[in-house]
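Enquirer: In order, the protein sequence lines correspond to chains A and B.
Just so you know, we're using this note's numbering here: the first sequence kicks off at 1 and counts up by one.
Just so you know, we're using this note's numbering here: the second sequence kicks off at 1 and counts up by one.
Number of protein chains: 2
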Amino acid sequence: MPRKKEVVNPDTENKIKEAAKKVFLSQGYEGATVRQIAQEAGVNVALMNYHFQSKEQLFKSIYMESFGAFFGSIVRLLNEETPLEVKIWKIVDRYTDFLIENPMIPIFVLAEHRKDGNSLFKELNVREVVKTSYFTKQLQEEAEKGTIRPVNPLHVIFSLMGNLIFPVVARPIISYVGSLDEAGFRQFMEERKKIIPEMIMAYLKSR
Amino acid sequence: MPRKKEVVNPDTENKIKEAAKKVFLSQGYEGATVRQIAQEAGVNVALMNYHFQSKEQLFKSIYMESFGAFFGSIVRLLNEETPLEVKIWKIVDRYTDFLIENPMIPIFVLAEHRKDGNSLFKELNVREVVKTSYFTKQLQEEAEKGTIRPVNPLHVIFSLMGNLIFPVVARPIISYVGSLDEAGFRQFMEERKKIIPEMIMAYLKSR
DNA sequence: GTCTATAGAGCGATAGAC
DNA sequence: GTCTATCGCTCTATAGAC
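And the structure:
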């Protein structure tokens, strides 16, 4: 007697999502075509739209899911009650690993916001979350105590982000200029895990 | 007797180029349409193609021109025989001003290199120019003298670039999170002209 | 140089069979 | 759930009049 096979497909949707991430990443949203994605996933366009309704829905589904999870994890980190310096090292470490695994996220976010008016950020209330985060408070308190220089938290946050995100977005350029293969690039990113916090702390403690 | 009017149009091409910069910047290469560009320029598609042959040629014409000029200016700066710290301040200052005026350049460059295999960089021989630049040599010499810590020049260069380029690429995000209008963003960038060199120098001099 | 009109390719999406 | 076939639209590019 044959085994039951009852439930439909466990992972067609995941197969499509993974294919879509890959294609969106290399082609951008506009540059990607539904035919490309379907081919990469080994299915046809009709099936893709059966599961995700449209190209735009498919994109949003990937985008929201990855970014939402990531943002939640960063917010938790920002609000942790660890000392400032430890926190900065942890942020850099976790953020770097996440970005190496999910390079499409910053590229999508940057592209989206150029045209879309920050809709996702508004939905997640990013502005208030940053402004009221324990991290922001810590920077102010430490400055008052005189352990670091006084600083606009936005500059610290965007210096961190620039240093973390830029290498991922500019990966092909870095690999070319530094003659780095896959392993070489990973090595480069591991080195940055040390350099970035050192640089931020050196700045905060100087003067 | 009527004045001569001899030469054809002085600035149709410039009008089209400016329109194209604007549209490519907000829509990306794939997202932009030739109709949009033509409308923005106040001409029709046929005229646009009369001057620039195709969408791709138009893009390359803008891209090559702006990036080539910019790269030339940076190379001159890297090779100037000014002291390291002065040079870093000058690079940040000039680069920031350029990027505020030409935000489409990094966006184009990053998008191009994700798909195109660094063709422009190879043509300009960026790798060798960086490796043999006086700036790279300076970092090594100063480290030997013990005035700064020993460091892989690539990390310095990409930290500089990340800090300079990221705010331009992420401008809508920064403006949203910081509640900044046009003037507020410029102010933010002016502040960074001071913070970025201080941060790099604090790192190089620490330990 | 500049226009109108349109050819020809490729796109996203869906109807309908299985 | 998955397929084939195709619709209707928009895109880039160009022919041809002025």
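Heads up, the beta-carbon is just placed ideally off N, CA and C, and yes, glycines get one too.
#1: In the structure shown, what three-state DSSP assignment does residue 41(B) receive?
#2: Go ahead and label residue 41(A) buried or exposed: buried means 16 or more other beta carbons lie within 10 angstroms of its beta carbon, across all protein chains shown.
#3: So with CB distances below 9 Å, who are the chain B contacts of residue 159(A)?
#4: When you compare the region 47–57 of chain A with the region 70–89 of chain A, are there three or more beta-carbon pairs, one atom per stretch, that lie closer than 8 Å?
#5: Using the beta-carbon count (16 or more within 10 Å), is residue 65(B) buried or exposed?
#6: List, in chain order, every chain A residue whose beta-carbon is nearer than 7 Å to that of residue 31(B).
#7: Between residue 150(A) and the ligand SAM, is there a pair consisting of the residue's CB and a ligand heavy atom that are separated by less than 7 Å?
#8: Let's test the definition: count the other Cβ atoms within 10 Å of the Cβ of residue 112(A) and tell me whether it reaches 16, buried, or not, exposed.
#9: In the DSSP assignment, find the unbroken alpha helix (DSSP H) run with residue 126(B) in it and report its ends.
#10: Just the C-alpha distance for residue 59(B) and residue 160(A), rounded to the nearest angstrom, thanks.
#11: Got a sec: is the Cβ-Cβ distance from residue 150(A) to anything in chain B below 8 Å?
#12: For residue 111(A), return the contacting residues in chain B, with the cut-off set at a CB-CB distance below 8 Å.
#13: Would you tell me roughly how many angstroms separate the C-alpha atoms of residue 202(A) and residue 177(B), rounded to the nearest one?
#14: Beta-carbon of residue 203(A) versus every beta-carbon of chain B: anything under 8 Å?
#15: How would you call residue 7(B), buried or exposed, if buried means at least 16 neighbouring beta carbons within 10 angstroms?
#16: Should residue 174(A) be flagged as near chain B, meaning a C-beta pair shorter than 8 Å?
#17: In whole angstroms, what is the alpha-carbon distance linking residue 192(A) and residue 81(B)?
#18: In whole angstroms, what separates the C-alpha of residue 179(B) from that of residue 128(A)?
#19: Count the CB pairs spanning the region 103–110 of chain A and the region 161–170 of chain A that are closer than 8 Å, and state whether there are at least three.
#20: Excluding five sequence neighbours on each side, which residues of the same chain lie with their C-beta closer than 7 Å to the C-beta of residue 107(A)?
#21: Contact criterion: CB-CB distance below 8 Å. Does residue 77(A) meet it with respect to chain B?
#22: Just to confirm my understanding: we take residue 33(B), look at its own chain, exclude 5 residues before and 5 after, and list those with CB closer than 6 Å. What are they?
#23: Taking just the CA atoms, how far does residue 39(B) sit from residue 146(A)?
#24: Grouping DSSP H, G and I as helix and E and B as strand, with all else coil, what is residue 143(B)?
#25: Just the Cα atoms here: how many angstroms apart are residue 1(A) and residue 91(A)?
#26: Tell me whether residue 178(B) sits in a helix, a strand or coil according to DSSP, three-state version.
#27: Is residue 164(A) closer than 8 Å to residue 95(A) when the C-beta atoms are compared?
#28: Using beta carbons (cut-off 8 Å, strictly below), is residue 4(B) in contact with chain A?
#29: Give the residues from the region 176–190 of chain A that approach chain B closer than 8 Å (Cβ to any Cβ), ordered along the chain.
#30: Within this structure, are the beta carbons of residue 23(B) and residue 67(B) separated by less than 8 Å?
#31: Can you check whether the C-beta of residue 126(A) is within less than 8 Å of a C-beta belonging to chain B?
#32: Would the region 11–23 of chain B and the region 182–199 of chain A be scored as touching if the rule is three or more Cβ pairs under 8 Å?
#33: Spell out whether any CB of chain B is found under 8 Å from the CB atom of residue 206(A).
#34: Would you list, in chain order, the members of the region 127–140 of chain A that have their beta-carbon closer than 9 Å to a beta-carbon of chain B?
Expert: Judging by the given coordinates:
#1: helix
#2: buried
#3: 162, 163, 166, 192, 195, 196, 199
#4: no
#5: exposed
#6: 30
#7: The ligand SAM is absent from the structure shown, which contains no ligand whatsoever.
#8: buried
#9: 126–131
#10: 32 Å
#11: no
#12: 28
#13: 25 Å
#14: yes
#15: With a pLDDT of 44 at residue 7(B), under the threshold of 50, the modelled position of that residue is not reliable, and the figure given next carries that caveat. Residue 7(B) comes out exposed.
#16: yes
#17: 29 Å
#18: 11 Å
#19: yes
#20: 25, 169
#21: no
#22: none
#23: 57 Å
#24: helix
#25: Bear in mind that the predicted position of residue 1(A) carries a pLDDT of just 39, short of 50, making it unreliable; the figure below should be weighed with that in mind. Distance between the alpha carbons of residue 1(A) and residue 91(A): 55 Å.
#26: coil
#27: yes
#28: Interpretation of residue 4(B) is limited by its pLDDT of 38, a score under 50 that renders its predicted location unreliable; the figure taken from the coordinates is listed afterwards. Not one chain A Cβ lies under 8 Å of residue 4(B).
#29: 176, 177, 178, 179, 188
#30: no
#31: yes
#32: no
#33: yes
#34: 127, 130, 131
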